[in-house]
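Residues 57 to 187, numbered by my numbering, are exactly what the sequence shown covers, in order.
C-beta: ideal position from N, C-alpha, C; glycine also.
Small disclaimer: the values here were computed from a predicted structure and weren't measured.
Everything below concerns the one structure shown next.
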Amino acid sequence: MKQKHFLVVILSNILLCVSLLTSAQTSFGKAKLINDGWLFNLKDETSAFKPDFNDKNWRRLDLPHDWSIEGELSPTLASCTGYLPGGIGWYRKELNIPVELKGKKVFIYFEGFFVCQFRFGFETDLQESFG
Numbered sequence: 057m058k059q060k061h062f063l064v065v066i067l068s069n070i071l072l073c074v075s076l077l078t079s080a081q082t083s084f085g086k087a088k089l090i091n092d093g094w095l096f097n098l099k100d101e102t103s104a105f106k107p108d109f110n111d112k113n114w115r116r117l118d119l120p121h122d123w124s125i126e127g128e129l130s131p132t133l134a135s136c137t138g139y140l141p142g143g144i145g146w147y148r149k150e151l152n153i154p155v156e157l158k159g160k161k162v163f164i165y166f167e168g169f170f171v172c173q174f175r176f177g178f179e180t181d182l183q184e185s186f187g
């Protein structure tokens, strides 16, 4: 009887933990995925943050994307990059915010990126660094 009770307690705790993990993300309202239709260029374009920047020759892709795994493995490269090439790459996407959201808070939530810097080309330049 004690074994059965112990097993029920253990299974209950496992189910509780799993349910907490699957619903752990905080909700900021109505979510919209923005993973599709990004533009990418593996080059440091210092003015790529400007809305009128010409990106017509950039590669079109969907996220998630890791450009470094497209490179060649080499023991001469740093182990912190998995022996793959590092460097600077730009991702661009135009987001159309509906007019009915004007004056309201809009959250952009990114997951799973490696050391990077975001630069948004709004009417006023907004920069956030991560790393």
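Got a sec, what are the start and stop residues for the beta strand (DSSP E) residue i sits in?
| i | result |
| --- | --- |
| L95 | 94-97 |
| W146 | 146-148 |
| L117 | 115-117 |
Would you mind working out which of the options sits nearest residue i, comparing C-alpha positions?
| i | options | result |
| --- | --- | --- |
| E167 | G85, T102, N91 | N91 |
| E150 | K99, G85, R116, E126 | R116 |
| P120 | G138, L89, F163, T102 | L89 |
By Cβ distance below 8 Å, which residues in the same chain neighbour residue i in space, the five residues on each side in sequence not counted?
| i | result |
| --- | --- |
| A134 | G142 |
| G127 | L140, P141 |
Within a Cβ cutoff of 6 Å, which residues of the same chain sit near residue i, ignoring the five residues on either side of it in sequence?
| i | result |
| --- | --- |
| Y147 | W94, F96 |
| W123 | L98, G145 |
| G159 | none |
| P101 | According to the sequence displayed, residue 101 carries Glu and not Pro. Only W146 meet the Cβ criterion. |
| D111 | L95, R148 |
| G85 | none |
Can you list, in chain order, the residues of its chain whose CB lies under 7 Å from that of residue i, leaving out five sequence neighbours each side?
| i | result |
| --- | --- |
| I125 | L140 |
| L224 | Because the chain here runs from 57 to 187, residue 224 falls outside it and cannot be looked at. |
| E156 | none |
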